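Shown next, in structure tokens, is the structure this report addresses.
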Amino acid sequence: MSQPFRLNKEGLINRNKKISFTFNGKKLFGYEGDTIASALIANGIHLVGRSFKYHRPRGFFGAGVEEPNAKLQVEFNGHSEPNVNATEMELIEGLSATSQNCWPSVNFDVGAINNFLKMFFPAGFYYKTFMWPKSFWYKIYEPFIRKAAGLGVASIEKDKERYEHKFEYCDLLVTGSGPSGLASAYAAAKNGAKVILAEDKPRFGGTLLTDDVSIDNLSGKDWAEKIITELKSMPNVTVKNRSQVFGYYDHNMLVMFERVSDHLEKKSKFTPRQRLWYIRAKETILSTGSIERPIVFGNNDTPGIFLSAAAKEYMKVYGVLVGKKPLIFTNNDSAYETALEFKKNNVEPIILDTREEHSSELIDEAKSKGIDIRFSHGVIVANGYKKVKSAKIGKLNKDKNSFEKIETVDCDCICVSGFWTPSVHLASQSGNKLKYEEKIDAFIPDKKKQHETSVGSANGSFTLEESLKNGFENGSNLSAKITDTKTEIAIPNVNEKKYGAHDKFWCMPLPKNENPKRFVDFQNDVSVSDIEIALREGYRSIEHVKRYTTLGMATDQGRTSNLNGLQLVSNIENKIVPEVGHTTFRPPFTPITIGTIVGREVGMEYMPTRKTPMHEWHEKNNAVFVDAGAWKRPRYYKQGNETLFEASKREAKNVRENVGICDVTTLGKIDIKGPDAAEFLNRVYTNAWMKLPVGKARYGLMLREDGIVMDDGTTTRISENHYHMTTTTAQAANVLSHLEYYLQIVWPELNVNAVSTTEQWAGAAIAGPKSRDMLSKLYPDLDVSNDALPFMGYKEAEFFGVPSRIFRISFSGELAYEINVKSDHGMFMWEKMMEVGKEFGNQPYGTEALSTLRIEMGHVAGPELDGRTIPSDVSLNGLVSKKKDFIGKNSLGREAFNVESRQKIVGLIPIDRKSSIPEGSHIVQDQNAKLPNPKLGHVSSSCWSVENNNPFSLAIMKDGKNMIGKKFFAVSPLKNKSIEVEVISSHYVDPEGKRVRS
Amino acid sequence: MLYIKCPYCGLRAQKEFSYGGDATVKRPNINEEVSSEDWDNFVYMRKSPRGKHIELWQHIAGCRQWIKVQRDTATHEIFQTAKVTEEIR
Amino acid sequence: MQKYSVFSLIKNAFSNHQNWEVAWKDPTPKSEYDVVIIGGGGHGLATAYYLAKEHNIRNVAIIEKGWIGGGNVGRNTTIIRSNFMYDANARFNEFGMDLWRNLSQELNFNVMFSPRGIINLAHSDAQMNAYARRGNSMRLNGIDAKLLDRDEVKKLIPMADFSDEVRFPIFGGLMQPSAGTARHDAVAWGYARQADDMGVDIIQHCEVTGFDVVNGKIKGIRTSRGDIKAKKVGLCVAGSTNILAEKLNMTLPIETHVLQACVSEPVKPLLDGVVTFGAGHFYISQSDKGEMVMGGDLDGYNSYAQRGNLPTIQHVLTGGLALFPFLSRLKMLRTWGGIMDMSMDGSPIIDKTHIEGLYLNCGWCYGGFKSTPVSGWTFAHTIAQDQVHELNSELRLNRFSTGHLLDEKGLGTKTWIG
Amino acid sequence: MKNVSALENIHKHGLFGNHDSKDEIINIKEIKDILIYQIVKYKKSLISIDKLKIDNLNLPQTLLVSSNVNTRILWMGPDNWLVVSKNREIEKSILENLSHDDFALTDLSHSRTILELEGSLVDEVLKKGCPLNLDGLDEGKCSNSAFHAITITIDFISSNPRKVRVFALRSFGESLYHSITDACLEFGYKAE
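Protein sequences, first through last, are from chains A, B, C and D. The first sequence lines up with residues 477 to 1474 when you count with our numbering. The second sequence lines up with residues 6 to 94 when you count with our numbering. The third sequence lines up with residues 467 to 884 when you count with our numbering. The fourth sequence lines up with residues 8 to 199 when you count with our numbering.
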């Protein structure tokens, strides 16, 4: 199989290694070092896709990130990926590429009917139609539009690749390894700076790889290689290819995307696919180069039309001809280099130059080589549907608005150059305002905003000499400021061709009665006439033009279209370009895989998992876990075929009848120490703390400053100036931060230290009527009688040889204790409890049983303390001191917090004593009332009361306490349930709290 | 990602901090009479200027100290950081 | 005014689209208006439209610092819903849903309102219960809501992660089937075009530099294009509220924050409605163009920069992959940020102020777009009648001192926590 | 067995990841049975810390570590240190030298998981999840930071060979272990 467009010798590809791949099912081959694009062009394939709106045939236009058309669905490494840029993706063995957005095939695409109806689909047409009849929008129009949406197809398979991150710091980050970038990096490296040099492409050197220049008597390519080799050998330099700096964020944070292994045929199992680098640089050199912009003409989207520099790159880098009968259409000298390159490869180009006849070094050389140059000429319209076959060209009049002569010439490709646009994206992202440079008809960076310094063509310097000088100087000066070392480097001698002035010409006029589409934005099918319509309709701001026409909003983000769009608007609006302004440059510079942005925090690693020291025991004993923030807590311990309901009922019942143990390690614990600890607690909690004796615990309630309950828990006075505070699992971290806030900022006069000891202690609650019996077995030498260890009492004692703390506190409302041992002893404690507790019928219980126990006791928890309730709402106003001040006190006096009808906590039981009331139900007077049906409250927590063997719920209800004894309906329209309920006290079991004191 | 100079630990990635809001809001003194209006202003009212803003951050994955940061809310430029006990001009 | 229809489109096609009229004019400001609306965003434009249409007040100007629709109406993730728990918010937004349903026809501008539903996913029973509370409240308010179990969710979004390798499995979700999306820019343009047609002056590139307040009464405004007298002035500037409030010596219960969003490259349709992840801050829908439109957390510190930082995007997309692992291979195309006026209870403010003739519309937090029509409708009423409508009677400024808060999330005043 | 460390059942010995024919891999081990005390000087205390010694070590300045064979004292924040010691008598040494009126002393011995990493690529591993600037964080320094979403303390024990200890709250132990070893896989690691 021969490659008809492959040159014999040229290029940097490895001709010794053939790589086979398929395109639209056809087996082809290329060489190592090819991109998909270069390999296809070598095989003479140009038609690769269809445009978004009109489904026009599209080929390649560029040779890198600027490519607007050649986006393919590519399958490699066992995965299919949409919208892969064929000009960037390197060829690997077995890759299979297919065309997107076409059906049944790219050659015959039914969607192309749009192209013939395009007169009815101007910019914004969808805003004007599809409105009648109304229902058609939902049923017909929109589904149809949606079906046409999108380019490629996203696979819904889980991605098995690894994506990693890296945080890096450096003195100087250089973005782009063209001449100015290499020079900057080299000079900075010689000054001893820590340098990172990033190159987006696989090969270093940028334009040095394609331009016919020499530096210090070396070819550009050889010089680049020499410098890179030296940089690589320096320990203070990191050199990265296939790495694009795509975002310039605050405080000189730049983000780089490294393609680590997509180009590798075989890679190690744990090598990441792509890597995201967060690079904090002291200084940044933006040597991002420039992108050639096209000249707009009729049917300028036909396959076979290229940017002229891309055509040159295909020859010089890939050894590929984009055509054998090229037309070169230019307004400047740089395209002459492309023409000369064709000539060198024995292909005869015709140059159409919009400028009047004149002379320059390159023009003279082209002339001397006998190249056909036609001045004041340009392409009016390209002919050919799926591939350019010929072009109608015209000789422009003096004003360049009409033609003196029109003819048709045969060609198989058109290489177009409308001069160069500096890549100012990163500078703009940095906050740089940019300024319009008349000389080059483009924006360049203005005064630096952060630490960005643009050099070379990214800064509008288009000669090699200037770029190198620029690079060496800036690299040296910026790094010298950091390293305090300045190594003199002689700026090398340069041999390059001198360019003449370019022509400020960007769009071909149309002859009378001809109206081919002249595209400004290829991928989104935005033509000159679309922009004209937008302006005609009053969408005059450049952002309005962009949004109305979708100019520059495609996946190539308008790299080849933005400036021409601006020119058009400025022409029509009669404004100069800087007055029109530019649209915002936002990261990323090119689309970045979401996997790379996320990195390794995927699947089970989405969030860290916190486990208690007894976790393994729970796992081994059939615990079903529930997520409590990052913690895993046993929800219930499954026996046999038990359901959640059955198991939790069994566990709760056992607590009420015998004794159970529960892992309460996750509750927050904070050690509060210092001479002012009591005063501090007194301010933090709503209740009084000054008189709590040593060895006693107290329940406390904390508010936010807005008066809403923040958290609750018990705090124990361990010694004179030492308190042990507990918090809920959910609020532990917030409470610590909250305490630190007040200690450090609001009351720095208080001599208190607060530190989390949550992880120091493993905690187990022992609850149930037999818990004291069990406790006495656990502590045979300790007096655990009600007198010696009363409710809210505290003791320290050895637990089978390890130190432990015993708190007589209860969440379940039963006689209960909480034992803390140091975490490494947690498993030992738990196993000992299981062993010793056997004779008392001890069983472990999970959070579900715990909920049941607390609900039927009327203890509030998360569902009641939902960030909207104040103490009186949940019957905790008894804990609110009237005498002293505390956090949030002043908010409690507000009108709405004190109205009689405010919602308060109550208990609910179903009249039939059978129907469970779904949580989230609302209480209504009349279940059949017309909507909106006034709500009197909601059901916050429900359980099956194991004490009374019927359902019981807590509800927060308007005027709650006065409703006790009345009947209402608890309705859950979502579950189609309406249950008649009676309002009772929220303390359903043991309302006097005798058990905890027993 | 912002780069915040902790007055105790030096320049650190934003990832180590958590935000605490306007540092110029001053809580009324404890045990002191305060009018409802002043209290509500403390709890709810915010200047939220465009430009220089003095705010609190906590170096939560660091020394756990609350610090003051003077930052431009439009450009994110940080002019000064200080301990909470220090004044920012 | 030219009527838009398929016929006008065909007719114009044959004249090469040379005869389309401007959608709105570009007038020079007059010296005096009955009402000046500051802010040419969705809410301001809608307010002007309803002032003209519902209250026949047509001597109205909209003063916009930049270009109309350039603020949050052009920067949001286009979600429209009324799935609120509090009656005040629910009824307000459900009234808005009715306006949305007829908006394309009413404005003769296709705003592409597309009710493909929103699903809020739950990842624990506790979350299911919280959603049940909200959904039941919606139903009792006459708003559609469905509670989905895991299998029902799976049928709707089979590409979500239902495997065992997931940190927070999906338990179910709350769905509002009638919720959806609309084409955000079209909403601004559609209102602008009709308001302009009824006589409203849309004045772009005109910055308000001050206010003329005499004896507690508004007399006019000062702008970069001269002083303008006005009997009434409505403030409708979202993220810039605090900047203008400062010029009025007012302090408001609002902090200004940036919220970022991003889109992926367009792919063939595979996600129908809007989905929110319940174990983190992430929401997603697929646009009619095929892009995945995604958003989540605030950047988390006061900001007036219409751009944000990558860690927030990373955090949001981490939630995205936890929900939809297939997103991993899609590419993020574009990110942007909008400036949010975060109120201290997360609900908006539409009210009169202590200055006679000055009206306030702000505090929309992340949710302004969905309320565009009803916000304009009620604000127009409040301005025209000099009193709040029943629909915004609980969205008043004094609720912060009375304690009648509308804190849907229960997060209190730390707006940056999201 | 009364003591069960956080990684007792997680830490598996052996070679993992892309270690094939590489000289430079990372050695990982769990440090257990070590005493950890937090020492915080109260705000109002007037005592000078310059002359105080614990196990013959000074209380170090910002981001520094004082160390001897048994004990390492890490600066954690202003007037806040972490004493990490194999010396069973360390509490006694602390109590002899620091008064309760001036200092809050808290036993945190069981509250941390500690991983020790050794090898020339250790920094490369840390950089995968930790936003710290490691330049200049050489032997004798320490810092708090985060690794992915886990708050950590890093004790830079030695520069040559590079050896660090990473501390995290005990309950995060498994996740930290997973994250760190996962970050090592690209290079290969040996769990001792």
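We treat Cβ as the ideally placed atom computed from N, Cα and C, and that holds for glycine. Note that this is a predicted model, so its numbers are computed, not measured.
Helix, strand or coil, according to DSSP, for residue i in the structure here?
i         : result
A:ARG1111 : strand
D:GLY84   : strand
A:LEU816  : helix
A:GLN1379 : strand
B:GLN63   : strand
A:ARG751  : strand
A:THR1204 : coil
A:PRO619  : helix
A:TRP699  : helix
D:PHE154  : strand
A:CYS646  : strand
Could you tell me if residue i is buried or exposed, where buried requires 16 or more neighbouring beta carbons within 10 angstroms of its beta carbon?
i         : result
B:HIS81   : buried
D:SER165  : exposed
A:SER581  : exposed
A:GLN1220 : buried
A:ARG1016 : buried
A:TRP608  : exposed
D:LEU22   : exposed
A:ASN1197 : buried
D:LYS93   : exposed
What is the residue span of the alpha helix (DSSP H) that residue i lies within?
i         : result
A:ILE1346 : From DSSP, A:ILE1346 is part of no alpha helix (DSSP H); its letter is neither H nor E.
A:ASN950  : 940–959
A:LEU1021 : Note on residue identity: the sequence assigns Val, not Leu, to residue 1021 of chain A. Segment 1018–1025, the alpha helix (DSSP H) holding A:VAL1021.
A:ILE632  : That residue, A:ILE632, is in no alpha helix (DSSP H); it is neither H nor E in DSSP.
A:GLU1311 : 1302–1313
C:SER570  : 569–573
Rounded to the nearest angstrom, how far is the Cβ of residue i from that of residue j, given a contact under 8 Å?
i        : j        : result
C:THR848 : C:VAL854 : 5 Å
A:LYS923 : A:GLY907 : So it is not a contact: roughly 10 Å between Cβ atoms.
What are the boundary residues of the beta strand (DSSP E) that includes residue i?
i         : result
A:TYR1464 : Careful: A:TYR1464 lies outside any beta strand (DSSP E) and carries neither H nor E.
message: Three or more C-beta pairs under 8 Å: does that hold for the region 1230–1242 of chain A against the region 28–44 of chain B?
response: no
- request: Could you tell me whether the region 25–41 of chain B touches the region 54–61 of chain B, where touching means 3 or more Cβ pairs closer than 8 Å?
  value: yes
The region 805–817 of chain C touching the region 1091–1099 of chain A, judged by at least three CB pairs closer than 8 Å: no
field: Three CB pairs or more closer than 8 Å across the region 611–628 of chain C and the region 520–533 of chain C
entry: no
message: Three Cβ pairs or more, each shorter than 8 Å: is that satisfied between the region 525–535 of chain A and the region 999–1009 of chain A?
response: yes
- request: Determine, using beta-carbon pairs with one atom in the region 1010–1025 of chain A and one in the region 471–488 of chain C, whether at least three such pairs fall under 8 Å.
  value: yes
- request: Count the C-beta pairs between the region 1067–1083 of chain A and the region 681–700 of chain A that are closer than 8 Å, then say yes if the count reaches three, no if not.
  value: no
message: For the region 508–522 of chain A against the region 972–983 of chain A, do three or more pairs of beta-carbon atoms, one drawn from each stretch, fall closer than 8 Å, so that the two count as touching?
response: no
task: State whether the region 745–758 of chain C contacts the region 538–546 of chain C, with contact taken as three or more CB pairs (one from each stretch) at a distance under 8 Å.
output: yes
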